[in-house]
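*Asks:* Could you have a look at this structure, given as structure tokens, before my questions?
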Amino acid sequence: MYVNIRGLASNNDVNRLSGMRNKLLNVFRTVGRGLSLTLRHFFAATESRRVKSITDDNYFLQNSGTTTIQYPHQKLPLPEVARYQLDVEMDDCIVCDLCAKICPVDCIEIESIKSTEAIGKTSDGTTKRLYAAKFDIDMAKCMYCGLCTVVCPTECIIMTDTYDRSTLTLNEMVYKFSDMTAGEAEEKRIALEKQNAERQAAKQAALSPEKPK
Amino acid sequence: MNFYLTYVLVATALFAFTALFTLFALYSERKISAFMQDRLGPMEVGKYGSLQAFADILKMLQKEFIIPSAADKILFTLAPVVIFVSVYLGFAALPWAPGLSPSSLNLGLFYIFAILSMETIGILMAGWGSNNKYALLGSMRSVAQMVSYEIPAGIALISAVMISQTFNMQEVSIKQGILSNETILFLGIWDVSSIGGFLAWNVFQAPHLILAYIIYFIASLAECNRAPFDIPEAESELVAGFHVEYSGLRFAFVFLAEYSMMFLVGMIGVILFFGGWNSALPNLGSVRLADWTSSLGWGIFWVLFKTLLVVAVQIWIRWTLPRLRVDQLMSFCWKVLTPLAFLCMLISGVWRLTMM
Numbered sequence: 064m065y066v067n068i069r070g071l072a073s074n075n076d077v078n079r080l081s082g083m084r085n086k087l088l089n090v091f092r093t094v095g096r097g098l099s100l101t102l103r104h105f106f107a108a109t110e111s112r113r114v115k116s117i118t119d120d121n122y123f124l125q126n127s128g129t130t131t132i133q134y135p136h137q138k139l140p141l142p143e144v145a146r147y148q149l150d151v152e153m154d155d156c157i158v159c160d161l162c163a164k165i166c167p168v169d170c171i172e173i174e175s176i177k178s179t180e181a182i183g184k185t186s187d188g189t190t191k192r193l194y195a196a197k198f199d200i201d202m203a204k205c206m207y208c209g210l211c212t213v214v215c216p217t218e219c220i221i222m223t224d225t226y227d228r229s230t231l232t233l234n235e236m237v238y239k240f241s242d243m244t245a246g247e248a249e250e251k252r253i254a255l256e257k258q259n260a261e262r263q264a265a266k267q268a269a270l271s272p273e274k275p276k
Numbered sequence: 094m095n096f097y098l099t100y101v102l103v104a105t106a107l108f109a110f111t112a113l114f115t116l117f118a119l120y121s122e123r124k125i126s127a128f129m130q131d132r133l134g135p136m137e138v139g140k141y142g143s144l145q146a147f148a149d150i151l152k153m154l155q156k157e158f159i160i161p162s163a164a165d166k167i168l169f170t171l172a173p174v175v176i177f178v179s180v181y182l183g184f185a186a187l188p189w190a191p192g193l194s195p196s197s198l199n200l201g202l203f204y205i206f207a208i209l210s211m212e213t214i215g216i217l218m219a220g221w222g223s224n225n226k227y228a229l230l231g232s233m234r235s236v237a238q239m240v241s242y243e244i245p246a247g248i249a250l251i252s253a254v255m256i257s258q259t260f261n262m263q264e265v266s267i268k269q270g271i272l273s274n275e276t277i278l279f280l281g282i283w284d285v286s287s288i289g290g291f292l293a294w295n296v297f298q299a300p301h302l303i304l305a306y307i308i309y310f311i312a313s314l315a316e317c318n319r320a321p322f323d324i325p326e327a328e329s330e331l332v333a334g335f336h337v338e339y340s341g342l343r344f345a346f347v348f349l350a351e352y353s354m355m356f357l358v359g360m361i362g363v364i365l366f367f368g369g370w371n372s373a374l375p376n377l378g379s380v381r382l383a384d385w386t387s388s389l390g391w392g393i394f395w396v397l398f399k400t401l402l403v404v405a406v407q408i409w410i411r412w413t414l415p416r417l418r419v420d421q422l423m424s425f426c427w428k429v430l431t432p433l434a435f436l437c438m439l440i441s442g443v444w445r446l447t448m449m
């Protein structure tokens, strides 16, 4: 420990004192700055954020006031290109299974049944030859990458601007787009089997030579 | 018999007041903190969330009393009661208006200080009884902190008492306004006995009491376990400190004690330094502002107004300053506040002998 034998204030003491004084002043200054900052924000809270679209020119100009958006009551307007939950226009779907194949998280599940004849045409003129017995999209798994919408040849799977569809059970997050009932699907399946069997029989008949009598 | 009825009525009224104040303070604290952080705070329950505190207390009333299997059941169940009752009893000696004081004790301030120290025991009981390392750490910190900070707080209050020459809180109040029989000197030179108002308050009778009040205010924050001295709770280190194992109504009692304590220490400061129930408005010639604003109703208004202002400052500080470290806390108390408090006491003595 430093002992001042001569009883005089040495440079060391003076330095320590001025250091302490600076420290004390710093305490008051920083505390004052903090308190004034919070007080300023407190009084600025009379003004609250106006709900504006991100495309608005003044979107980033609102620097004071509360920033909360009271979500279910207030919603930020969505830009035109907003891409959220998936929707499928089944009339246009040719059940090609491309969306299910490209999906990185395997959230699309499709079960197709070959039709016995051409079912109809999509709006862009492609002929539909498959029934979709099952077209489920698990929105709980979906990561909103949008790859399925890119690969779809008929542009029947699209992303909509719906982003909040809360459900009570996880099962409800599986959206079922197929418009066939189980009975109808079974009917088509039987028809297909029947046709297959007929064709098989015809083929057999064609292949096998006339049996000698 | 009427005697006892009065006792019960007064006690009930005080309890009702502490409960209502807690609900009010809870709401205002949430709102003030929200505004300071550019949020809105509770908005859903009632207009602007005004019924949020009632919703919270209703939820707490319905909750189960959980006692940890390894806890000391007697200490654990008793602790919230001890914590709350010690704070609640403090209200007994505080004057609300001229002639309105639950009990006019000659040793009022002494009594309040003694009874407030009991809270430390309650907190230690809670921490020890929970049989939880966080709770125990929190309560140990709390005891260390409260015992240490009682010294500067007490000495700072004594320096005000030396100016007033009485421990009776009602008399301390009387001596700071127009109802006083003694002459009151503003800064020790100007006779303001008939002018009153803020000029007659203790802090203006002897200006060094402003320093004493600042010391007391800081120490009282530490005694309430409020930020920046909330190391007993220290959410980020100790989960919730000494009350981590409490649920339901028991937790509500700990909460009630904390907020009542805020009001109590604020009110003690107001009474000893800022004139208690005395009007802030002085008599100006024929405009007798102090005379007009000194009555039973006005007294309650003034003491509530001043104390709520102090509580608002407590909340303001809590949401501004970060928590102190334990060693900083202790060195601040013993190396800064205690010597300064002694200095204030010394000046008070000199002031009393030379200026009054």
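These protein sequences, in sequence, are chains A and B.
Each residue of the first sequence is one higher than the last, beginning at 64 in the numbering used here.
Each residue of the second sequence is one higher than the last, beginning at 94 in the numbering used here.
Yeah, the Cβ is synthetic: ideal placement off N, Cα and C, and Gly gets one too.
Being a predicted model, the structure only gives us computed values, none of them experimental.
Do you know how far the Cα of Cys-211 (chain A) is from the Cα of Asp-201 (chain A)?
*Replies:* 13 Å
*Asks:* Looking at chain A, is there any beta carbon in it that lies within less than 7 Å of the beta carbon of Asp-131 (chain B)?
*Replies:* yes
*Asks:* Taking DSSP's pairing of strands, which residues face Met-222 (chain A) in a bridge?
*Replies:* A:Leu-149
*Asks:* Between the region 209-229 of chain B and the region 329-348 of chain B, are three or more C-beta pairs nearer than 8 Å?
*Replies:* yes
*Asks:* Taking the alpha carbon of Met-206 (chain A) as the reference point, which residue from A:Tyr-147, A:Phe-240 and A:Leu-141 has its own alpha carbon closest?
*Replies:* A:Tyr-147
*Asks:* Would you call the CB atoms of Ala-299 (chain B) and Ile-248 (chain B) closer than 7 Å?
*Replies:* no
*Asks:* Just confirm the distance between the C-beta atoms of Glu-326 (chain B) and Val-358 (chain B), as a whole number of angstroms; I'd bet it's less than 8 Å.
*Replies:* Contact flag wrong, Cβ pair sits at about 17 Å.
*Asks:* Are the C-beta atoms of Phe-128 (chain B) and some chain A residue less than 7 Å apart?
*Replies:* Residue contact check for Phe-128 (chain B) against chain A: a CB pair falls below 7 Å.
*Asks:* Where do the ends of the beta strand (DSSP E) carrying Ile-282 (chain B) lie?
*Replies:* Per DSSP, Ile-282 (chain B) belongs to no beta strand (DSSP E) and is neither H nor E.
*Asks:* Is the region 137-154 of chain A close to the region 213-223 of chain A, with three or more CB pairs under 8 Å?
*Replies:* yes
*Asks:* In the structure shown, what three-state DSSP assignment does Val-144 (chain A) receive?
*Replies:* In this structure, DSSP gives Val-144 (chain A) a state outside helix and strand, which the three-state scheme calls coil.
*Asks:* Taking one C-beta from the region 266-273 of chain B and one from the region 371-385 of chain B each time, how about it: are there three or more such pairs within less than 8 Å?
*Replies:* They touch, by the three-pair rule.
*Asks:* When you check each C-beta in the region 80-97 of chain A against every C-beta of chain B, which residues fall closer than 8 Å?
*Replies:* Val-94 and Gly-97
*Asks:* Does the beta carbon of Thr-431 (chain B) sit closer than 7 Å to a beta carbon anywhere in chain A?
*Replies:* no
*Asks:* List, in order along the chain, the chain A residues whose C-beta lies closer than 9 Å to that of Leu-414 (chain B)?
*Replies:* For Leu-414 (chain B), the chain A residues whose Cβ falls inside 9 Å of its Cβ are Val-94, Gly-97 and Leu-98, in order along the chain.
*Asks:* Please classify Gly-183 (chain A): does DSSP put it in a helix, a strand, or coil?
*Replies:* strand
*Asks:* On a CA-only basis, which of B:Ser-424, B:Val-363 and B:Thr-447 is nearest Pro-245 (chain B)? Give me that one, please.
*Replies:* B:Ser-424
*Asks:* Using DSSP with H/G/I as helix, E/B as strand and the rest coil, what is Phe-158 (chain B)?
*Replies:* coil
*Asks:* Could you tell me whether the region 204-222 of chain B touches the region 293-307 of chain B, using the rule of 3 or more Cβ pairs below 8 Å?
*Replies:* Flag = no, the region 204-222 of chain B and the region 293-307 of chain B do not touch.
*Asks:* Find the residues of chain B that neighbour Gln-133 (chain A), judging by a C-beta separation of less than 8 Å, and give them in chain order.
*Replies:* Leu-133 and Met-136
*Asks:* Rounded to the nearest angstrom, how far is the Cβ of Ile-176 (chain A) from that of Ala-248 (chain A), given a contact under 8 Å?
*Replies:* 6 Å
*Asks:* List, in order along the chain, the chain B residues whose C-beta lies closer than 9 Å to that of Leu-102 (chain A)?
*Replies:* Within chain B, the residues near Leu-102 (chain A) are Met-129, Trp-409 and Thr-413.
*Asks:* What does the Cβ neighbour count give for Glu-137 (chain B), buried or exposed, with the cut at 16 atoms within 10 Å?
*Replies:* exposed
*Asks:* Roughly how many angstroms lie between the CA atoms of Met-64 (chain A) and Phe-206 (chain B), to the nearest whole one?
*Replies:* Per-residue confidence for Met-64 (chain A) stands at a pLDDT of 45, beneath the threshold of 50, marking its modelled position as unreliable; the derived number appears in the next sentence. For Met-64 (chain A) and Phe-206 (chain B), the distance between alpha carbons rounds to 40 Å.
*Asks:* Helix, strand or coil, according to DSSP, for Thr-129 (chain A) in the structure here?
*Replies:* Correct three-state label for Thr-129 (chain A): strand.
*Asks:* Tell me the start and end of each unbroken beta strand (DSSP E) in the region 322-353 of chain B that is at least 3 residues and wholly inside, in chain order.
*Replies:* none
*Asks:* Going by C-alpha distance, which of A:Glu-152, A:Thr-93, A:Ser-116 and A:Arg-79 is nearest Tyr-238 (chain A)?
*Replies:* A:Glu-152
*Asks:* Run through DSSP, which three-state label would Phe-108 (chain B) get?
*Replies:* helix
*Asks:* Any idea if Pro-432 (chain B) is buried or exposed, counting beta-carbon neighbours within 10 angstroms, 16 or more meaning buried?
*Replies:* exposed
*Asks:* Which value, in whole angstroms, describes the spacing of the CA atoms of Leu-113 (chain B) and Leu-209 (chain B)?
*Replies:* If you draw a straight line from the Cα of Leu-113 (chain B) to the Cα of Leu-209 (chain B), it comes to about 21 Å.
*Asks:* Do we get a CB-CB distance below 7 Å when we pair Thr-129 (chain A) with the residues of chain C?
*Replies:* Checking the listed chains, one finds no chain C in this structure; the protein chains it contains are A and B.
*Asks:* Look at the Cβ atom of Ser-266 (chain B), then the Cβ atom of Trp-189 (chain B), and state whether they are nearer than 7 Å.
*Replies:* no
*Asks:* Should Thr-179 (chain A) be flagged as near chain B, meaning a C-beta pair shorter than 7 Å?
*Replies:* no
*Asks:* Which runs of the alpha helix (DSSP H), 4 residues or longer, sit entirely within the region 206-256 of chain A?
*Replies:* 210-214
*Asks:* Kindly examine the ligand COA and report whether one of its heavy atoms sits closer than 6 Å to the Cβ of Ile-150 (chain B).
*Replies:* Annotation note on the ligand COA: not contained in the displayed structure, which lists no ligands.
*Asks:* Between Glu-174 (chain A) and Ala-203 (chain A), is the Cβ-Cβ spacing less than 7 Å?
*Replies:* no
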